[in-house]
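Written below as structure tokens is the structure these notes are about.
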Amino acid sequence: MKKPLVSIITPTYNASKFINETVQSVWNQTYQNFEHIIVDDCSRDNTWDILEGLEKENSRIKLLRMDKNSGAALARNKAIQLSKGKYIAFLDSDDLWEPRKLELQVQFMQNHNIAFSFTNYKMIDESGQDLYREVKCPKVINYRDLLKNTTIGCLTVMLDKDKIGKITMPNLQPEDTALWLRILKKGHSAYCLQETLASYRLVSNSVSSNKWKVAKRMWKVYRTSEKLNIFSSFCYFFNYAWNAVRKHYL
């Protein structure tokens, strides 16, 4: 039986320092039936030149370039629209996958008839050194669980388009969490393959490194996207903040 196609979605912006290593971690996958759609959001460095070179080396890379700098959500949506795979997987331009990530995750989803899966992941520093910090996730997360947590790493997510239907990231940061909430609110649950199959790179001056900015954006998701009242928002935010501290510092 032919293995289902996986569409890997990678937005890039000024990613010349890391993009080679990220793409190589895709090429190293034991599961080879994939297309890698990379959308450059008008990088100002030589990211595009690097990508053109990589495209010549591997026909499974599909390059796109935004007309103007529009942010990761719109870049990902552009790639999703052009994707042909049964499964959608996300990998940002500075993160890495373990070689068996796709193989094990596709198998996990097929064996358990899952629409939404994710995995554990570890953290590395800007130079790629292991920080010996792992995010170990619960076996299953529903909508209310995710309102209180930050445990689903975008770099680990795989979605079944046939089961979920149309996939569009809201243009509201954090756009990945806003999408997961939208999917789970429909009644789906997210299931964790409890193996560490990806590496999240902590980059200085990134949005995720500014915890205050991240917290404000999560508050906006509660109030604007999920339309929660003040009391519910405070309750969920307290749990979210505590779980974020546990994830990063404890």
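Residue 242 in UniProt numbering sits at position 242 of the sequence shown; the count goes up by one each step and never skips. Note that the Cβ used here is the ideal one computed from N, Cα and C, for glycine as well.
Nonlocal neighbours in the same chain, by C-beta distance under 6 Å from residue i, ignoring five residues either side
i, result
"A178", "P170, L172, V221 and S225"
"L228", "Y222"
"L63", "I38, L51 and E55"
"Y13", "D41 and S43"
"M109", "S117"
Residue i in three-state terms, based on DSSP
i, result
"M218", "helix"
"K139", "coil"
"I167", "coil"
"R65", "strand"
"S25", "helix"
"I98", "In the sequence as displayed, the identity of residue 98 is Glu instead of Ile. E98: coil per DSSP, three-state reduction."
"V106", "helix"
"T30", "coil"
"L146", "helix"
"R201", "strand"
"S60", "Here residue 60 turns out to be Arg, not Ser, going by the sequence shown. Reduced to three states, the DSSP call for R60 is coil."
"L172", "coil"
"R133", "strand"
Beta-carbon proximity list for residue i, same chain, < 8 Å, skipping 5 on both sides
i, result
"K86", "P4, L5, V6, D160, K161 and D162"
"V106", "K3, P4, V6, Y31, Y87 and M158"
"K139", "Y191, C192 and Q194"
"D125", "L131, R201 and L202"
"N149", "I141, N239, Y240 and N243"
"Y236", "L147, K148, Y222 and L228"
Short Cβ contact (7 Å threshold) for residue i with residue j
i, j, result
"residue 262", "A73", "For residue 262 there is no data in the structure shown, the boundaries of the chain being 1 and 250."
"D45", "R65", "no"
"residue 255", "I37", "Only positions 1 to 250 of the chain appear in this structure, which leaves residue 255 out of reach."
"N77", "C42", "no"
"S189", "N142", "yes"
"Y240", "M218", "yes"
"T10", "S93", "yes"
"L146", "L184", "yes"
"W97", "A198", "yes"
"N120", "C137", "yes"
"T47", "A15", "yes"
"L91", "I167", "no"
"P99", "N28", "yes"
"A115", "I164", "yes"
Segment limits, beta strand (DSSP E) that includes residue i
i, result
"M158", "M158 to D160"
"H188", "H188 -> no beta strand (DSSP E), and no H or E assigned at all."
"E35", "F34 to D40"
"A89", "Y87 to F90"
"N229", "From DSSP, N229 is part of no beta strand (DSSP E); its letter is neither H nor E."
"K122", "F116 to I124"
"I152", "Note, I152: premise wrong, no beta strand (DSSP E); not H, not E."
"V6", "V6 to T12"
Nearest to residue i (by Cα), restricted to the options the options
i, options, result
"G53", "T150, V23, K148 and T10", "V23"
"S59", "F34, L82 and D49", "F34"
"S204", "K17, Q29 and Q81", "K17"
"L102", "W180, V26 and Q81", "V26"
"R144", "I61, R182, K122 and G165", "R182"
Contact test: residue i Cβ vs the ligand FAD heavy atom, cutoff 6 Å
i, result
"K216", "No copy of the ligand FAD occurs in the structure displayed, which carries no ligand at all."
Cut-off 7 Å between Cβ atoms - residues of its own chain near residue i, not counting five sequence neighbours on either side
i, result
"F118", "C137, I152, G153, T156, V157, A190 and C192"
Alpha helix (DSSP H) segment containing residue i, residue limits
i, result
"I80", "A72 to L82"
"T47", "T47 to E57"
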